[in-house]
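Peer 1:
2 protein chains.
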Amino acid sequence: MTDQKTTLDTRERILDVAERLFMENGYEGTSMRVITGAAEVNLAAVNYHFGSKEALLREVFRRRLAWLNHQRLEALDRLEEHAAGAPLKPSQILEAFFGTLLRMGEDPALGGMTFLRLLGRTLTEPAEFIRTFFAGEYAQVIDRYKLALFRALPDVPKAEIVWRLHFMLGAMSYAIAGTDVLQVVTGCEVGDLAGEGADADPSDTLLARRLAQRLMPFLLGGLRAPLPQFHELPVTTTDTRARAVPQDGLRP
Amino acid sequence: MTDQKTTLDTRERILDVAERLFMENGYEGTSMRVITGAAEVNLAAVNYHFGSKEALLREVFRRRLAWLNHQRLEALDRLEEHAAGAPLKPSQILEAFFGTLLRMGEDPALGGMTFLRLLGRTLTEPAEFIRTFFAGEYAQVIDRYKLALFRALPDVPKAEIVWRLHFMLGAMSYAIAGTDVLQVVTGCEVGDLAGEGADADPSDTLLARRLAQRLMPFLLGGLRAPLPQFHELPVTTTDTRARAVPQDGLRP
DNA sequence: GTACCATTAAAACGAACGTTTGAACGAACC
DNA sequence: GGTTCGTTCAAACGTTCGTTTTAATGGTAC
């Protein structure tokens, strides 16, 4: 027959199925039996190939994040090399960080929107081993990008930049994960929002691209917003009085 | 003795404990035995008072969300009455929606930051009954606020407003939930970010207030960002060619 | 053929899960 | 005092969980 089950087939079929099921039902909500059943492999296959359920989840992410974060570092390298020592523009940095991720959503071979949604949801999963795993995977990348933002916005307090990086990650994660979560809150199908005919499958490729185009301006607007005022805050130390942030092109 | 265990005591002790544990370990990650154990009540107490674990989670949210969403609607009522027919300012709307929520974080009697964190995390939980529950709880409020934003920003396409409402909810949820989630990604304690001495308990009250002051400008900046360009959007299908990381040219 | 190896298969493991049961308690009312 | 009713209790229910075990399979090298 056409589909011989070699080792690689089994491993990757498990990974693909687990990626989708973890996205749909969460880590704790997805049992090994459901995974192996959907992948049409034996129940013991997961423990044989990966060792444990935790290790399976880690591998699901590792095979995507390794590529993603490598691309992110490379993108930043190219930008900085091209800038020849000058600070980058915030828009460039955001494009390198978020754009690289969102472009994964356009390519099914890289996990497509399934992986993006899984990523967005899993970042808030409370399980300890998940958090420590992400910490390790992201440490390098976040650090490089943080420094780049510090240089790009020398007049903004570093703490403020980190907060806004926080906010931006959140906006992105929700926008991705919420494709079928928060639509329920806003009462709109994401297809409607995209102006699609809202067919059965709105072609993740297109979805990811539209999402990127709507998200990037929002993030930039937030990143460059005027600094908070801190009126009547009971004192502690820092005088973080508002200096205006370079807010070019802020249109009504 | 001082602590007599009346019915109300048991019910509320369960709710308080469940609120905290669901926040720390998630819904699926928190067992009835852990809940009842921490609340020092019998295992059967949850099923007796609430009927099921699902019903317990719903009640945990209902007792807070009922108050919150009522406040939100009242805040909007007050604003619109005061405006006497004129459209509200976006900043007023955001303040009424997000400010009301964030002010809950300052009051331990309303759940404090524990409830806020739980809310932020649970919005991404994939369980079906959770999503449908939130949909019902939020429908009214979201609808009123959406309309207010439509009126406040008549020149912005409605779809764009809904998207940005999406983004704002995400930024807020992450900022709240991430108090100990994404710090691990950004490598900073939230105490550090706030400029605190980072004592044992940074006094949720203060934390919530600082968070609000940093979040609101970000949200406003994002909401009023220039509209996306939609340049060269291919009409139909895939063409998944990854354009190389886009470069320098990107001029804001 | 035989020995070896990685992989798959079927069955069982103990533990933990949410829920239910039936009895015991204790204050309130007649 | 006896009855009632809301509540608490210990114990068990049947199920499902992740994992382990033991045997069978199929190809490759000798």
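Quick mapping for you: the protein sequence lines, in order, are chains H and R. Heads up, the first sequence is in my numbering, so the first residue is 39 and it goes up one at a time. Heads up, the second sequence is in my numbering, so the first residue is 39 and it goes up one at a time. Don't be surprised by glycine CBs; every beta carbon is placed ideally from N, CA and C. Note that the coordinates shown come from a computational prediction; the quantities given were computed from them, not determined experimentally.
#1: Can you pull the chain R residues whose beta carbon is under 9 Å from the beta carbon of H/E62, in chain order?
#2: Do the stretch 162-169 of chain R and the stretch 134-145 of chain R make contact, defined as three or more Cβ pairs closer than 8 Å?
#3: Determine the burial state of H/R159: buried for a count of at least 16 other Cβ atoms within 10 Å of its Cβ, exposed for fewer.
#4: Just to confirm my understanding: we take R/G150, look at its own chain, exclude 5 residues before and 5 after, and list those with CB closer than 7 Å. What are they?
#5: Given that a residue counts as buried once 16 or more other Cβ atoms are within 10 Å of its Cβ, and exposed if not, what is R/G123?
#6: Would H/A76 count as contacting chain R if we go by Cβ distances under 8 Å?
#7: Going along chain H in order, which residues have a C-beta closer than 7 Å to the C-beta of R/A263?
#8: Looking only at its chain, what residues have a beta carbon closer than 7 Å to the beta carbon of R/T68, apart from the 5 residues adjacent to it on each side?
#9: Where does R/E50 land, buried or exposed, given buried means 16+ other C-beta within 10 angstroms?
#10: H/V55: buried (16+ other C-beta within 10 angstroms of its C-beta) or exposed?
#11: Going by the CB atoms, is the gap between H/L265 and R/P255 shorter than 8 Å?
#12: Going by Cα to Cα distance, which pick from H/A263, H/R155, H/E198 and H/V72 is closest to H/R102?
#13: To the nearest angstrom, report how far apart R/F26 and R/R110 are at their CA atoms.
#14: Would you mind reading off the limits of the alpha helix (DSSP H) that contains H/N107?
#15: DSSP state of H/V79, grouped into three classes?
#16: Along the stretch 194-210 of chain H, where does the CB come closer than 8 Å to a CB of chain R? Name the residues.
#17: Leaving out the 5 sequence neighbours to the left and right, which residues in its chain are closer than 8 Å to R/E97 when beta-carbon positions are compared?
#18: Put H/L249 into one of helix, strand or coil per three-state DSSP.
#19: Can the beta-carbon of R/E36 be found closer than 8 Å to that of R/T152?
#20: Between H/A190 and chain R, is any beta-carbon pair separated by less than 8 Å?
#21: Can the beta-carbon of H/A213 be found less than 8 Å from the beta-carbon of H/L249?
#22: Flag R/Q251 as yes if its beta-carbon sits less than 8 Å from any beta-carbon of chain H, otherwise no.
#23: Using the C-alpha atoms, what's the distance from R/A82 back to R/G75?
#24: According to DSSP, is R/T170 part of a helix, a strand, or is it coil?
#25: Straight-line CA distance for H/L161 to H/A134?
#26: Looking at the structure shown, is R/E66 part of a helix, part of a strand, or coil, going by DSSP?
#27: Can you tell me whether R/S241 is helix, strand or coil according to DSSP?
#28: Alpha helix (DSSP H) containing H/F136: first to last residue?
#29: Going straight from the alpha carbon of R/Q130 to that of R/L117, what length do you get?
#30: According to the Cβ coordinates, are H/L140 and R/F205 closer than 8 Å?
#31: Consider the Cβ of H/A215: report whether some Cβ of chain R lies at a distance smaller than 8 Å.
#32: For H/E198, is the classification buried or exposed, using 16 other Cβ atoms within 10 angstroms of its Cβ as the cut-off for buried?
#33: Using DSSP with H/G/I as helix, E/B as strand and the rest coil, what is R/L187?
#34: Helix, strand or coil, according to DSSP, for R/D145 in the structure here?
#35: By how many angstroms is the C-alpha of H/L191 removed from the C-alpha of R/K196?
#36: Can you have a look at H/G174 and say buried or exposed, based on whether 16 or more other CB atoms are within 10 angstroms of its CB?
Peer 2: On the basis of the coordinates in this document:
#1: Here residue 62 of chain H is taken as the residue at index 24 of the first sequence, counted from 1. In chain order: P164.
#2: no
#3: Position 121 of the first sequence, counted from the start, is the residue given in the question as residue 159 of chain H. Classification of H/R159: buried, given that the 10 Å Cβ count is 16 or more.
#4: Position 112 of the second sequence holds residue 150 of chain R. Correct list, in chain order: G143 and D242.
#5: Here residue 123 of chain R refers to the residue found at position 85 when the second sequence is read from its first residue. Classification of R/G123: exposed, given that the 10 Å Cβ count is below 16.
#6: For the purposes of this step, residue 76 of chain H is taken as residue 38 along the first sequence, with counting starting at 1. Taking Cβ atoms only, chain R never reaches closer than 8 Å to H/A76, which makes this a no.
#7: Here residue 263 of chain R refers to the residue found at position 225 of the second sequence. Result: P255, F256, L258 and G259.
#8: Mapped onto the second sequence, residue 68 of chain R falls at position 30. Within the same chain, R/T68 has close Cβ partners L59 and F60.
#9: Working through the second sequence from its first residue, we reach residue 50 of chain R at position 12. Result: exposed.
#10: The residue you call residue 55 of chain H lines up with position 17 of the first sequence. Burial call: buried.
#11: As a first step, residue 255 of chain R must be located in the second sequence, where it is residue number 217. As a first step, residue 265 of chain H must be located in the first sequence, where it is residue number 227. The answer is yes: Cβ separation under 8 Å.
#12: Counted from its first residue, the first sequence places residue 102 of chain H at position 64. Minimum Cα distance to H/R102 is reached at H/R155.
#13: Summary: the structure shown does not reach residue 26 of chain R, with chain R confined to residues 39 through 290, and so no result is reported for it.
#14: Within the first sequence, the letter at position 69 stands for residue 107 of chain H. From DSSP, the alpha helix (DSSP H) with H/N107 extends over K91 to A121.
#15: Residue 79 of chain H sits at position 41 when you count from the first residue of the first sequence. If DSSP states are grouped into helix, strand and coil, H/V79 belongs with coil.
#16: A197, E198, V200, W201, R202, L203, H204, F205, M206, L207, G208, A209 and M210
#17: Counting from one through the second sequence, the residue named residue 97 of chain R turns up at place 59. Only L53 and F88 meet the Cβ criterion.
#18: Residue numbering aside, residue 249 of chain H sits at position 211 when the first sequence is read from its first letter. Helix at H/L249.
#19: The structure shown does not extend to residue 36 of chain R, since chain R spans only 39 to 290, so no value can be given for it.
#20: Position 152 of the first sequence, counted from the first residue, corresponds to residue 190 of chain H. Not closer than 8 Å to any Cβ of chain R, the Cβ of H/A190 fails to qualify, so no.
#21: Translated into the one-based positions of the first sequence, residue 213 of chain H becomes position 175. Translated into the one-based positions of the first sequence, residue 249 of chain H becomes position 211. Closer than 8 Å, so yes.
#22: Taking the second sequence and counting its residues from 1, one reaches residue 251 of chain R at position 213. Judged by the 8 Å Cβ criterion, R/Q251 is in contact with chain H.
#23: Counting from 1 along the second sequence, the entry for residue 75 of chain R is found at position 37. Counting from 1 along the second sequence, the entry for residue 82 of chain R is found at position 44. So the two alpha carbons sit approximately 11 Å from each other.
#24: In the second sequence, residue 170 of chain R corresponds to position 132, counting from 1. Here R/T170 sits in helix by DSSP.
#25: Walking along the first sequence from the start, residue 161 of chain H turns up at place 123. Walking along the first sequence from the start, residue 134 of chain H turns up at place 96. Going by the C-alpha atoms only, they are around 20 Å apart.
#26: Translated into positions along the second sequence, residue 66 of chain R becomes position 28. Looking at R/E66 - three-state DSSP - the assignment turns out to be coil, as it is neither helix nor strand.
#27: Locating residue 241 of chain R in the second sequence gives position 203, where the first residue counts as 1. R/S241 falls in the coil class under three-state DSSP.
#28: The residue given as residue 136 of chain H occupies position 98 in the first sequence. First-last for H/F136: undefined, no H or E at that position.
#29: Here residue 130 of chain R refers to the residue found at position 92 of the second sequence. Here residue 117 of chain R refers to the residue found at position 79 of the second sequence. Approximately 8 Å, taken between the alpha carbons.
#30: Here residue 140 of chain H refers to the residue found at position 102 of the first sequence. Here residue 205 of chain R refers to the residue found at position 167 of the second sequence. No, these two residues do not count as a Cβ contact at 8 Å.
#31: Counting from one through the first sequence, the residue named residue 215 of chain H turns up at place 177. Judged by the 8 Å Cβ criterion, H/A215 is in contact with chain R.
#32: What you label residue 198 of chain H is simply residue 160 of the first sequence in a count that begins at 1. So H/E198 ends up on the buried side.
#33: Counting from one through the second sequence, the residue named residue 187 of chain R turns up at place 149. Helix.
#34: Taking the second sequence and counting its residues from 1, the one referred to as residue 145 of chain R is at position 107. Three-state result, R/D145: coil.
#35: Position 158 of the second sequence holds residue 196 of chain R. Position 153 of the first sequence holds residue 191 of chain H. Computed Cα separation, rounded: 32 Å.
#36: For the purposes of this step, residue 174 of chain H is identified with residue 136 of the first sequence, where counting begins at 1. The residue in question, H/G174, is exposed, as its Cβ has fewer than 16 Cβ neighbours within 10 Å.
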